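Heads up, the thing below is written out as structure tokens.
Numbering (the numbering used here), first residue to last: 407 to 1583.
Here it is as structure tokens:
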């Protein structure tokens, strides 16, 4: 017989049957909900039934839970198959296999590696008793190794390490993070240090080598993509005005065609030449265009102009200059390599001393062992079949390990590249795609696509396809969402159709909260707390409505039942900073909710209390720790008793405050209930401290949990099972710590303090009750829920990684943007890696959205609260080309863009006044828009108007002056409540003159912006060497600073060299140049009373902040300069123009004198535009 088949085989789809029955190397691309684990299990059963032994299989996956689930399914599958088999020999074989599954090699890849190393410890150079250190322990060891290496490198006479730290910004903590990040990335490569050495040596490349380098090719590719995206946006806007303004449309057609010509060039030299020859854009007539349409088209055209200009500047620099910058940074990069190599050696020594290895060691040591044919051959003979689940999450080292031992025809890989969302763990989806393409072409194996979805209702499947068929392309997401990738509805919905909804709240009429400080002003609109709370309120409303009206079919029983709170999940791209607001708002609206907060294990209350107990036993003079123990069930003190303890016994006879333990000792001397409590806790602490010297930390923790009754107390609380598990995990942590050979409570606490900083222990609690769960999309991977609410769609993608001074890529190497002479200089490698990483990050964001949407079984709800819904909809209504999809800034850009291409988006077109257009058929997304009204309690507070109405009603109901007085009482220190905690000099002084006042001849500068021009001039004056200048020399300095990235092209063009040269030639400028002590861009923080600063009726201190442009010492006193680039209207004297800044200059002078204890003798406003220096002091 060719194939053994179970009677139940009729349930499989044709593609599933192929994956189960076909022999040879197979790559199964299994979409969400396609039954991949069931297929893997059935293939295992089929091969055993045909004669294979369960011990001939190596089945690996990435988590212990997944491995345990796979082993359970295989065992159940074999047992079920044995019961169905008609052939006695087959039945016996299957029964034996089911019994032997417990010994089968079904595990995580790391568990398999550990087993190989235990068998071949001698060849691997390991202690036979080695153990695997967990992530928290390895991070602490790495930090300790870094501290030693940093000390050693600082001691070198060359000073190269100090120079590296300075080049990375001068902050050693941040520099350590960057260097360790490069080290971690290198460890994911098959040969870490050789890879890093090769990457560093590329900094000696010649211009000719750069021309043909992967970095140049990558930059060219990304530049063309960016230009195409800007073009597509303008093309879409052009189509909206073509009918009303045909002449304008024709002009735009010419510009679009000219720019598209740039995309025809596919080499750097040709592309750079085409950019240099590009004629530019001319003024156009907007006749016929409606105001709103004109604004949108002009915005898109300006974006295209800006992109072309930026690329012209970037490609104007010859590769010889790029090579020169690489050569200049080579010494720092060489030091980077030497530091990482020293760190690797120190870290290896630390692991050897403790006889431990980490996960990276397991992979690299096994890969090294498998280079020995005798060892690799042993495992190749042992394993006839190699199965791997979640193949899309593998890395190059893991790929090589499996390739070294797999037999020809024995490889079975299962995964879905659309669900690869772990790049931050060094997963490389490229490996999946390369094998996918190879097998598709018939080389090395066969590819099978499983796209029948048995998890979700037709409504959910259609919504997923509706979005991703329009946005997921190889250009945007590294894979095309074609017929092979699209989901096919395979579930029997049994009368429960479910649904898919996009709910938008328009916050146009909701004013943004006043920012508390200047940093808050930079927050994106989409991250407004009221927007988050509004989405939570919308979710609560839908949850109540669905629970009242909808039923689902229970997955276990198949019976219809009402929805429970635990059937709902809220998925967020990142729940850091917003999960708590979500749970509070849901609770406010009557929905119980639970979120795993970001603090992780140490945020669990029971863990925090017990850790404070251990700290108190270690040192009773930790006041905060002791107070926490007293107030806990362990101490049993009430808040009132602690207050009495401090009030009655908190000072000695001289009135000096006492430590908390001394207060307890004083209280214990009195025969009172409080004294008895104090005496008891002191007695216990003394006993426990003595035991801490005799017992191991693990034994001490177990004793304390029993002796104090705290373990039993926590088990009796709501969620007691999980709380007990948290405490058990803490005891286990103590056991693992002492296995490393360390001893003592103090050392354990010190170790745990370091672990807290790593954040590696994860969230401590899990939801076990009937509550709505709030979690990140990554946490939801592998799970499914009846109702999924995906929120925060408009939150911008995180682009911060691209700004780091160091970045690494497996192909491109290491890119640096180091400081030289006070300026950061970005290399071509850094730009290429940043561009490549941005594209990869965007592709992963699209896959994250796919994972989020495919978690839903019955209903999918997408939420977005938009401060400016009209603008978002207008932008999203443009044609969704691959280039535009690759330029998205949020999930909402994709979802709205897809919806607006279909009839489902017509409601949005109508509401926001978009022109009608023929759209594709819809029916896969129910769209609703609501104004953000009735949200007064979103943050738990009434708005002012509603409070006043409530107060009037309360007075009317209460009657009498006494009741009314409750609403008219004035706080005695009301003045303090309106005083800001800090102010800036600029904000306090105000802005009197803006370029809006400039006449027509200043129009060019006005378009650039007065603030931007002023910033550019200040940047120049803070960086330019102090010496006399001719106008041409200033122009040369401007060019230099532009090349070094200090000034952008627009800033450089806005500066008038003649004004700068004139300033240095003026008498005041010559005095500045003659001074031996000059301070430029001097930042200060100066505390001053509100009465003095603001004239307020309070002496509450205020922090005054500012930046002094320039000051210099002359004859023992300061001369203060404040540069101004204001336009001075005709008829206005220099003194009048300067007088408007007198308040600002006075504050600067006061702060400078106070903070330096040196008088300010003179202070000037330097009106650079008219060449006047006006003395105000």
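All C-beta atoms, glycine included, are put in the ideal place defined by N, C-alpha and C.
A quick note: this is a predicted structure, and the numbers were derived from the prediction, not measured.
From which residue to which residue does the beta strand (DSSP E) around residue i run?
i            : result
residue 1518 : 1507 to 1520
residue 1491 : 1484 to 1495
residue 878  : No beta strand (DSSP E) contains residue 878, which DSSP labels as neither H nor E.
residue 1544 : Segment 1540 to 1545 is the alpha helix (DSSP H) holding residue 1544; no beta strand (DSSP E) there.
residue 1263 : 1262 to 1272
residue 1333 : 1332 to 1337
residue 1181 : 1178 to 1182
residue 1579 : 1578 to 1581
Rounded to whole angstroms, how far is the Cβ of residue i from the Cβ of residue j, which I believe are closer than 8 Å?
i            : j            : result
residue 1015 : residue 999  : Contact doesn't hold; Cβ gap of about 24 Å is too wide.
residue 532  : residue 763  : 7 Å
residue 1510 : residue 1499 : 7 Å
residue 729  : residue 875  : Between residue 875 and residue 729 the Cβ distance is about 45 Å, and since that is not below 8 Å, they are no contact.
residue 1566 : residue 1573 : Incorrect: roughly 20 Å between the Cβ atoms, too far for contact.
residue 1200 : residue 1272 : 6 Å
residue 1465 : residue 1577 : 7 Å
residue 444  : residue 503  : Wrong, their Cβ atoms sit about 18 Å apart, outside the cutoff.
residue 1178 : residue 984  : The Cβ separation is near 15 Å, so there is no contact.
residue 940  : residue 1338 : 6 Å
residue 551  : residue 742  : Their Cβ separation, rounded to whole angstroms, is 16 Å, which puts residue 551 and residue 742 out of contact at 8 Å.
residue 945  : residue 1298 : Actually they are not in contact, since the Cβ atoms of residue 945 and residue 1298 sit about 16 Å apart, beyond 8 Å.
At which residues does the alpha helix (DSSP H) containing residue i begin and terminate?
i            : result
residue 1589 : One cannot answer for residue 1589 here, as it falls past the ends of the chain, which runs 407 to 1583.
residue 1045 : 1045 to 1055
residue 598  : 598 to 607
residue 1201 : Premise fails: residue 1201 is in no alpha helix (DSSP H) and is neither H nor E.
residue 365  : Only positions 407 to 1583 of the chain appear in the structure, and residue 365 is not among them; the question remains open.
residue 802  : 802 to 811
residue 1452 : Note, residue 1452: premise wrong, no alpha helix (DSSP H); not H, not E.
Which one or two residues does DSSP pair with residue i in a beta bridge?
i            : result
residue 1109 : Answer is none; residue 1109 lacks a bridge partner.
residue 986  : Paired residues: none, contrary to the question.
residue 1524 : 1519, 1566
residue 791  : 463
residue 435  : 821, 855
residue 909  : 1269, 1334
residue 967  : 958
residue 1000 : 1179
residue 1388 : 1509
residue 895  : 859
residue 1219 : 1215
Counting only beta-carbon atoms, is residue i nearer than 8 Å to chain B?
i            : result
residue 1493 : Protein chains in the displayed structure number just one, and chain B is not present.
Any chance you could list the alpha helix (DSSP H) runs of at least 4 consecutive residues sitting entirely within the segment 621 to 690, in chain order? For the segment 621 to 690, whole alpha helix (DSSP H) runs of length 4 or above, ordered along the chain, are 652 to 668, 674 to 683.
Are at least three pairs of beta-carbons, each pair with one atom in the segment 958 to 970 and one in the segment 1141 to 1160, less than 8 Å apart? no
Which runs of the alpha helix (DSSP H) at least 4 residues long sit entirely within the segment 493 to 554? Give them in chain order. 494 to 506, 515 to 525, 527 to 530
Alpha helix (DSSP H) runs wholly inside the segment 1058 to 1137, at least 4 long, in chain order: 1066 to 1074, 1079 to 1100, 1103 to 1114, 1116 to 1122
Below 8 Å, can you find three or more Cβ-Cβ pairs linking the segment 464 to 481 to the segment 520 to 537? no
Does the segment 885 to 897 come within contact of the segment 854 to 863, defined as at least 3 CB pairs closer than 8 Å? yes
Are three or more beta carbon pairs between the segment 1208 to 1226 and the segment 1427 to 1444 nearer than 8 Å? no
The segment 1301 to 1313 contacting the segment 1280 to 1287, beta-carbon criterion three pairs below 8 Å: yes
For the segment 804 to 822 against the segment 425 to 433, do three or more pairs of beta-carbon atoms, one drawn from each stretch, fall closer than 8 Å, so that the two count as touching? Touching, yes.
Pairing CB atoms from the segment 494 to 509 with CB atoms from the segment 539 to 550, are three or more of them under 8 Å? no
At a cut of 8 Å, does the segment 1467 to 1483 reach the segment 1429 to 1438 through at least three beta carbon pairs? The segment 1467 to 1483 makes contact with the segment 1429 to 1438, as at least three CB pairs between them are under 8 Å.
Pairing CB atoms from the segment 1106 to 1117 with CB atoms from the segment 1063 to 1075, are three or more of them under 8 Å? no
Does the pairing of the segment 451 to 466 with the segment 787 to 802 give three or more beta-carbon distances under 8 Å? yes
So, does the segment 720 to 729 touch the segment 690 to 704, judging by three or more C-beta pairs under 8 Å? no
Below 8 Å, how does it come out for the segment 1285 to 1300 and the segment 879 to 886: are there three or more Cβ pairs, yes or no? Below 8 Å, enough C-beta pairs join the segment 1285 to 1300 and the segment 879 to 886 to call them touching: three or more.
Evaluate the contact criterion for the segment 828 to 843 versus the segment 436 to 453: three or more CB pairs, one atom per stretch, below 8 Å. no
Sufficient close CB pairs (3 or more, under 8 Å) joining the segment 608 to 623 to the segment 1233 to 1245: They touch, by the three-pair rule.
Determine, using beta-carbon pairs with one atom in the segment 671 to 686 and one in the segment 707 to 721, whether at least three such pairs fall under 8 Å. yes
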